[in-house]
Structure formats: C-alpha cells, structure tokens
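**Q** Using the working numbering, read the sequence shown as starting at 142 and increasing by one per residue. Encoded as structure tokens, here's the structure I'll be asking about.
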Amino acid sequence: MNNTQTPQTKSIKKAAPALVRLLQGALVGVGGVLPGISGGVLCAIFGLYEPLMEVLAHPLKNLKKHWKLLLPVAIGIVIGFLGLAKLVVWLFQSNEAVAACLFVGLILGMLPSLWREAGEMGRKRSSYITMAVAFALIFGVLLTLELATEVKVTPNVFWYGLSGVFWGLGIIVPGMSASSPLLFLGLYEPLMQVVTGAVAAAFAFVTGKLGFTAALAAMRFDAIIPFAVGIFATILGLARPVNFLLKKFPSQMYHAIFGIVVAMTLPIIPYRFDGAADLVIKLACLVGGFAAAWGLDKISRKYV
Numbered sequence: 142m143n144n145t146q147t148p149q150t151k152s153i154k155k156a157a158p159a160l161v162r163l164l165q166g167a168l169v170g171v172g173g174v175l176p177g178i179s180g181g182v183l184c185a186i187f188g189l190y191e192p193l194m195e196v197l198a199h200p201l202k203n204l205k206k207h208w209k210l211l212l213p214v215a216i217g218i219v220i221g222f223l224g225l226a227k228l229v230v231w232l233f234q235s236n237e238a239v240a241a242c243l244f245v246g247l248i249l250g251m252l253p254s255l256w257r258e259a260g261e262m263g264r265k266r267s268s269y270i271t272m273a274v275a276f277a278l279i280f281g282v283l284l285t286l287e288l289a290t291e292v293k294v295t296p297n298v299f300w301y302g303l304s305g306v307f308w309g310l311g312i313i314v315p316g317m318s319a320s321s322p323l324l325f326l327g328l329y330e331p332l333m334q335v336v337t338g339a340v341a342a343a344f345a346f347v348t349g350k351l352g353f354t355a356a357l358a359a360m361r362f363d364a365i366i367p368f369a370v371g372i373f374a375t376i377l378g379l380a381r382p383v384n385f386l387l388k389k390f391p392s393q394m395y396h397a398i399f400g401i402v403v404a405m406t407l408p409i410i411p412y413r414f415d416g417a418a419d420l421v422i423k424l425a426c427l428v429g430g431f432a433a434a435w436g437l438d439k440i441s442r443k444y445v
C-alpha cells in the first residue's frame with residue numbers, strides 16, 4: 142500500500158490544526174455575545190481553558206509556549222465576537238428558541254469530550270463533591286436571575302465598566318454567562334448596539350464611506366473604553382488565582398467546570414413546543430448542533 146502523501150495533502154494536514162482552532166475561536170467569540178452562553182464554557186469544552194489561563198496569569202512566561210495554539214483562536218474570537226455578533230443577535234431576536242437549540246446541541250455534543258478530559262485528571266470523592274457544589278451554585282444563581290424581576294438602569298461609564306467586569310468573568314469562570322446579568326439589568330441591547338455600531342463605523346471608514354472624524358464619533362469610546370477596562374481588570378485580577386487552582390487541584394477544578402457547564406446548559410433548553418412542527422424543528426436543531434459538535438471534536442482529536 143502506497144502511503145506517500147502529495148504536497149497538497151501535506152499542506153492540508155499542516156494547516157488543519159490552525160483552521161480548527163480558528164473555528165473554535167469563532168464559536169467562543171459568538172458564545173460571548175449569545176444570551177445564556179458563556180465563552181469560558183466553550184474554551185473549556187475545546188481544551189483551551191488551561192493554556193488560556195496560563196497565558197493570562199503569566200503572559201511573559203507562557204506566551205512563547207502557547208502562542209501557536211492561541212493565535213488562531215484569538216483571531217477566531219475577534220471574527221466571532223465582532224464579525225458575527227450582529228448576525229447572531231438577529232438570529233436570536235428572530236427565533237430565540239431555535240437558535241438556543243442549535244447551541245445547546247453544540248454544548249451537549251462536546252460534553253463527552255469534557256467529561257473525558259476531566260477523567261484524565263483523576264476521579265476522587267472530592268472531585269464529585271466539587272462538581273455537585275459547582276452545579277448547585279451556578280444553577281441557583283441562574284434560576285434566581287430567571288425568576289427575579291428585571292431591572293432597567295441607564296447606561297453610563299460605570300455601567301459599561303460593570304458590563305466589562307461581567308464579560309471578564311465570562312472568560313475566567315466557565316459557565317458565567319455575561320449576557321444573563323446584562324439582560325437582567327437591561328444593558329445587553331445597548332451594549333450590543335455599541336459593539337455592532339463600532340464595527341459598522343470601522344468598516345465604513347476602511348471602505349471610504351465615513352471620514353476619520355465621523356467614524357471616530359460613531360465608535361462610542363465613552364462606552365468602549367470603560368467596557369474594555371472592566372474586561373482586562375477582571376482578567377488580570379482573577380487569572381492567577383484560577384491558574385493556581387488548576388495546577389494545585391486539577392481533578393476538582395475540571396469536574397467543577399463540568400458541573401458548571403451542565404448547570405449553565407439546563408436553563409437555556411427550550412421546554413415548550415407549539416405543536417408537532419415546532420417540536421420537529423427544535424429537535425432537528427438540537428441534533429444538528431450535537432452532530433456538528435461531535436464532528437468538530439473528532440476533527441480536533443485527529444488534527445490538533
């Protein structure tokens with residue numbers, strides 16, 4: 142049997158890991174803007190959480206070690222967060238239940254991989270205890286937000302900064318969905334308008350449709366700057382403690398992450414169906430998301 146590979150086949154195999162990581166990064170970026178979804182959860186599911194924490198905790202020491210892994214991921218996150226934010230928000234506004242089914246299927250399809258990864262760290266009694274405690278804590282918080290009366294605040298520098306803190310927590314703490322408290326406070330839609338407006342202004346400037354001054358005014362730096370400061374301050378403050386716990390208690394931490402992912406997923410599953418057709422559509426989306434995640438996991442294990 143001839144195992145000789147053509148130059149084209151070798152090029153594809155060489156590029157495949159970066160393309161897979163780019164796609165994973167795009168999904169993490171999209172997860173950052175979806176109601177009820179956490180970008181940190183998807184990082185954990187894709188096996189990116191630990192190297193990401195290492196770099197965020199000690200960038201000078203670990204960036205050289207992980208840059209080939211995280212560079213395509215970072216590019217993908219930018220594409221997902223900025224390039225697809227408007228499309229995804231529109232999809233959720235058009236039919237939130239169907240869109241949620243797609244992403245629930247995606248998460249469910251990755252759970253076996255996450256459970257396998259947790260098992261590689263060993264299973265102890267304390268691992269199951271931390272998993273149960275993490276599940277109960279996150280599920281309780283999400284249920285409280287779901288049942289609480291929605292509050293409306295007026296967006297300003299403080300609230301945009303606090304939005305950044307929530308987004309930073311969504312990166313550092315798997316299962317912490319930034320959108321859930323923002324929806325509760327009535328800040329989700331104004332923030333998405335700022336993000337999509339900034340992207341549109343930058344694109345209009347690059348294509349010559351807006352002048353520099355007009356584009357600068359449309360970028361809403363009064364919102365973007367405190368939002369960015371909130372994100373980076375949260376990451377810098379929590380990355381090292383989380384990285385320490387991952388190194389010191391890997392089994393307990395990974396099982397806690399698994400419990401958090403399950404707790405985060407249950408509340409966003411659509412449980413109501415308006416007739417047989419609606420049931421079939423939602424089940425098809427669940428199966429489609431599950432199949433896509435399963436396939437992506439297989440490709441990741443083969444090429445990454």
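Even for Gly, the Cβ is constructed at its ideal location relative to N, Cα and C. On a predicted model such as this, the values are computed, not experimentally measured, just so you know.
1) On the three-state DSSP scale, how would you describe D415?
2) Leaving out five residues on either side along the sequence, give the residues of the same chain with a beta carbon under 7 Å from the beta carbon of I139.
3) Pick from Q393, G429, V336 and K350: whose alpha carbon is nearest that of A369?
4) Are the CB atoms of A259 and F399 within a distance shorter than 8 Å?
5) To the nearest whole angstrom, what separates the beta carbons of G302 and T375, a pair I think is in contact under 8 Å?
6) According to the Cβ coordinates, are V245 and G430 closer than 8 Å?
7) Counting only the same chain and skipping the five closest in sequence on each side, list residues whose C-beta sits under 7 Å from that of A342.
8) What did DSSP end up calling M251 once you bin it into helix, strand or coil?
9) Using the beta-carbon count (16 or more within 10 Å), is L164 buried or exposed?
10) Are the segment 243-257 and the segment 193-203 touching, with three or more C-beta to C-beta distances below 8 Å?
11) Any heavy atom of the ligand NAD inside 7 Å of the beta-carbon of F362?
12) Taking all protein chains shown into account, do 16 or more other C-beta atoms lie within 10 angstroms of the C-beta of K423, making it buried, or fewer, making it exposed?
13) Using CA atoms only, rank isn't needed, just tell me which of L328, L201, A434 and V282 is closest to N297.
14) So, do the segment 266-283 and the segment 206-219 have three or more beta carbon pairs nearer to each other than 8 Å?
15) In angstroms, rounded to a whole number, what distance separates the CA positions of L286 and F325?
16) Is A273 closer than 8 Å to I409 when the C-beta atoms are compared?
17) Do L387 and E191 have their C-beta atoms within less than 8 Å of each other?
18) With 8 Å as the threshold, decide whether the Cβ of V196 is near any Cβ in chain C.
19) Measuring alpha carbon to alpha carbon, tell me which residue in I365, A418 and V421 is nearest V340.
20) Whose C-alpha, out of K293, E237 and V306, is nearest the C-alpha of P331?
21) Go through its chain and collect everything with a Cβ distance to A275's Cβ below 6 Å, but skip five positions before and after it.
22) Under 8 Å between the Cβ atoms of G371 and G305?
23) I'd like the span of the alpha helix (DSSP H) that includes R381, first residue to last.
24) Tell me which same chain residues have a C-beta within less than 6 Å of the C-beta of L119, skipping the five on either side of it?
25) Here's a check: name, in chain order, each residue in its chain whose Cβ is nearer than 8 Å to the Cβ of F299, leaving out the five neighbours to either side.
26) How many Å lie between H207 and D419 at the Cα?
**A** On the basis of the coordinates in this document:
1) Reduced to three states, the DSSP call for D415 is coil.
2) Here the chain comprises residues numbered 142 to 445, so residue 139 is not present and cannot be evaluated.
3) When only C-alpha atoms are compared, the closest one is V336.
4) F399 is a Cβ neighbour of A259, given a cutoff of 8 Å.
5) Between G302 and T375 a beta carbon distance of about 10 Å is seen, past the 8 Å cut, so the two are scored as non-contacting.
6) Going by C-beta atoms, V245 is nearer than 8 Å to G430.
7) Same-chain partners within the cutoff: L351, A356, A359 and M360.
8) In the structure shown, the three-state DSSP call for M251 is helix.
9) Its Cβ being crowded by 16 or more others within 10 Å, L164 is buried.
10) Between the segment 243-257 and the segment 193-203, the count of Cβ pairs shorter than 8 Å is below three; the stretches do not touch.
11) The ligand NAD is absent from the structure shown, which contains no ligand whatsoever.
12) Result: buried.
13) Considering only L328, L201, A434 and V282, the residue with the shortest C-alpha distance to N297 is L328.
14) The segment 266-283 makes no contact with the segment 206-219, as fewer than three CB pairs between them are under 8 Å.
15) Answer to the nearest angstrom: the Cα atoms are 7 Å apart.
16) Here I409 is not near A273, since their CB atoms are 8 Å or more apart.
17) Yes, the pair counts as a contact, with Cβ atoms nearer than the cut-off.
18) In the structure shown, chain C cannot be found, because there is only a single protein chain.
19) When only C-alpha atoms are compared, the closest one is I365.
20) Nearest option by C-alpha distance: K293.
21) For A275, same chain residues with a beta-carbon under 6 Å away, outside a window of 5 residues either side, are A397, G400 and I401 in chain order.
22) Yes, they are a contact pair.
23) That run of the alpha helix (DSSP H) goes F362 to K389.
24) Residue 119 cannot be examined here, being either before or after the span of the chain that is shown, 142 to 445.
25) Only P367 meet the Cβ criterion.
26) Approximately 44 Å between the Cα atoms of the pair.
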